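First up is the structure itself, then whatever we jot down about it.
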Amino acid sequence: MFRNLGAYLEALERRGELRRVRVPVASELEITEIADRLVKRGGPALLFEKVVGKDFPLAIGLFGTRTRTAFALGVESLDELARKVETLLALNPGKGGLSALLGLLPKLPLLKGFFPKRVARAPVQEVVLRGEAVDLFRLPVLKCWPLDGGPFITLPLVITRDPETGELNLGMYRMQVLDQRSTAMHWQLHKVGRRHLEKARRLGQKLPVAVALGGDPVLTYAATAPLPPLPGVSEFHLAGFLRGAPMELARGVTVDLPVPAEAEFVLEGYIDPEEPLVEEGPFGDHTGFYTPVDLYPRFHVTAITHRKRAVYPATIVGVPPMEDAYLIEATERLFLPALRLVLPEVADYHLPPEGVAHNWVNVALRKEYPGQAYKVAYGLLGLGQMMFAKVLVVVDEGVPLKPGFETLLHALRHALPGRDTLFLRGPMDVLDHSARAFAYGGKLVIDGTRKLPEEGEEVPFAPKAHSHLPEDPEALAQRQWPGVWGVTLRKEAPGQAFRLAERLLRTPESAGIRLLLLADHDTALSPEELLWAVLNNIDPERDARVMDGVEGPVLVLDGTKKLPEEGFTRVWPERIRMDEGIKALVDARWAEYGI
């Protein structure tokens, strides 16, 4: 365990996983470009000691590799997280499953030592600023991407209490700095913080809020974990369990909320549910696209407390791979044993980075009866945030789930489009820009398991990848892999992608193909980028069709931008791209950074 962020940074430096940047660097775009390059090549974490015009250094890339994330969470590998939970499950949860067990945690002598501990003195309160002394612009808050609506706090640990039950919640919600003493609070439709605010509204109260920055990195992870609502159990308990020691909490100086004593900063204040909502965004999000301007609550900051030598922690999100992929993988491993309690036939599961958390889930199962792949899919879609999953690919136990593209290729050998594909409808992530409606859209299940007699015969299929592909005036770039065909086009008319697909599938080069992916002209034809773009840009119910190829049915996914003439009435977002001038600046200064 690490007592605080400083201890973690020192440990990273000893391991050769931290670089100090001692020259002045701008918090607007420049730091993002540097950090983006390093995370995509598996580079070190960074400590920017001099951020232009700001009073504090900035640390970024804290979870920038799989190995570093495991180190941050105190394990040798992320698979150890599953073993920790399996030890917990050995306590025998009985009929109530994991939820019943977790509800008993406060009564288990073995675990009482991991529960939060109140302390009177807190390093995070060495400096206390109130009233006119509060100035958020002193912090090196990043403007991450060119079209962002302003600077965003990206690693906030937002603490609220249910006004009715007193239950605590610790969540991570981005915060756009609006002025010296207020931010927007990105509480989406399904978030616990939003429910707390609605309860405060009904009671005619303001909602106290505390936002911690930094501390033990385990706590930062815990704020991202989809912990089910359990009486008496919060993310502070999860962090204590993972670190093997209690989180030390102090009382806020202006709010009656517990705050991590070892944090770097705490922002204290309130949200008035009767106050008009404020415009927030755009923001270059983890999907790799900008989320548009929307209305969210205003958080009023009444106090800032911090260490005397505080370090501001940050992350960036955008086109994958980004470090959030490793936090997602940690959650996979941590919750796998709990998933098996509900769906014991699940051998493993994986959320490939190209799916940016919710767009793609690979599942391996121990198949025993016909239709079991769909039973597992239905079960997964009923579990917490798994309800947002868009495409689920189910394969047999023993099939590797990483890399995701290889799993997909395997699944296509056993999935006959039409017979072994299932379209559903349900809740979607509010960040899904391609859904038929806000937070509501289509889903696709691909049954890539070996078929039992009741499910129909295995249809012989020899996957092919042709080196010479047919010319078509609308096909800008093409590439095939065994069983998969990727094509880009410049979308100009409604239905254009499917008309192109129909022409291509009449050619001999559609032999040995079961999946045709169509993407916009600016998509690179690597498996990773192609799948990222297509999965982001489809509502499966609208944008997936089974069409005839020369050797049988082909699943066609139209991953191009949707037009108003196609019935799409929402705002289609811009893809995240860095400003060319900033890229040139970073190129010119690279040696100067000393990375």
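Residue numbering for the sequence shown follows numbering that gives the first Met the number 0, starting at 0 and increasing by one per position. Ideal Cβ positions, reconstructed from N, Cα and C, are used throughout, including at glycine. It should be emphasised that the depicted structure is a prediction, and the values quoted were computed from it without experimental measurement.
Selection from the options that minimises the alpha carbon distance to residue i
i           : options            : result
residue 449 : 158, 545, 412      : 412
residue 512 : 443, 547, 287      : 547
residue 27  : 141, 43, 453, 10   : 141
residue 472 : 336, 488, 461      : 488
residue 238 : 491, 115, 422      : 115
residue 151 : 176, 591, 15       : 176
residue 531 : 243, 298, 516      : 516
residue 262 : 249, 503, 278      : 249
residue 317 : 382, 143, 346      : 143
residue 138 : 53, 209, 9, 291    : 53
residue 326 : 68, 35, 458        : 68
residue 126 : 35, 229, 251, 218  : 251
residue 331 : 569, 414, 447, 76  : 76
residue 154 : 557, 2, 219, 351   : 219
residue 417 : 447, 198, 389      : 447
residue 121 : 58, 169, 2         : 2
residue 184 : 199, 458, 277      : 277
residue 452 : 408, 465, 384, 370 : 370
residue 438 : 486, 384, 458      : 384
residue 231 : 160, 198, 283      : 160
residue 475 : 523, 424, 492, 275 : 523
residue 258 : 158, 460, 283, 458 : 158
residue 113 : 521, 245, 500      : 245
residue 329 : 163, 458, 73, 291  : 73
residue 287 : 0, 580, 571        : 571
residue 337 : 226, 255, 64       : 226
residue 284 : 543, 64, 145       : 145
Counterpart residues of residue i in DSSP-defined beta bridges
i           : result
residue 178 : 181
residue 359 : 390
residue 264 : 212, 305
residue 117 : 248
residue 440 : 425
residue 299 : 181, 269
residue 134 : Its beta-bridge partners do not exist; DSSP assigns none.
residue 293 : 279
residue 128 : 303
residue 207 : 269
residue 395 : 364
residue 229 : 232
Host alpha helix (DSSP H) of residue i (start-end)
i           : result
residue 67  : 65-71
residue 223 : 216-223
residue 330 : 323-341
residue 376 : 371-380
residue 194 : 191-202
residue 167 : First-last for residue 167: 167-170, but that is the beta strand (DSSP E), not the alpha helix (DSSP H).
residue 242 : 234-242
Residue i classed as buried or exposed, judged by whether at least 16 other C-beta atoms fall within 10 angstroms
i           : result
residue 525 : exposed
residue 308 : exposed
residue 119 : exposed
residue 589 : exposed
residue 85  : exposed
residue 368 : exposed
residue 124 : buried
residue 366 : buried
residue 221 : buried
residue 479 : buried
residue 398 : buried
residue 555 : buried
residue 298 : buried
residue 467 : exposed
residue 343 : exposed
residue 201 : exposed
residue 23  : exposed
residue 281 : buried
Host beta strand (DSSP E) of residue i (start-end)
i           : result
residue 420 : 420-426
residue 413 : Premise fails: residue 413 lies in the alpha helix (DSSP H), 403-413, not in any beta strand (DSSP E).
residue 349 : 345-349
residue 584 : That residue, residue 584, is in no beta strand (DSSP E); its alpha helix (DSSP H) goes 579-592.
residue 249 : 247-250
residue 313 : 311-313
residue 257 : 257-259
residue 160 : 156-160
Residue-chain proximity (residue i, chain D), Cβ-Cβ < 8 Å
i           : result
residue 229 : You won't find chain D in this structure, because it holds only one protein chain.
Worksheet entry | Sequence ranges, beta strand (DSSP E) only - wholly within the segment 445-522, length at least 3 | Listed in chain order, they are 476-480, 483-488, 514-519.
Practice prompt. Could you name each continuous beta strand (DSSP E) segment of 3 residues or more that falls completely within the segment 10-62, going from the start of the chain to the end?
Written response: Complete beta strand (DSSP E) runs here, min 3: 17-20, 44-47, 57-59.
Item to complete: Would you list, in sequence order, the uninterrupted alpha helix (DSSP H) runs of no fewer than 4 residues that lie entirely inside the segment 530-574?
Response: List check, alpha helix (DSSP H) in window: 539-542.
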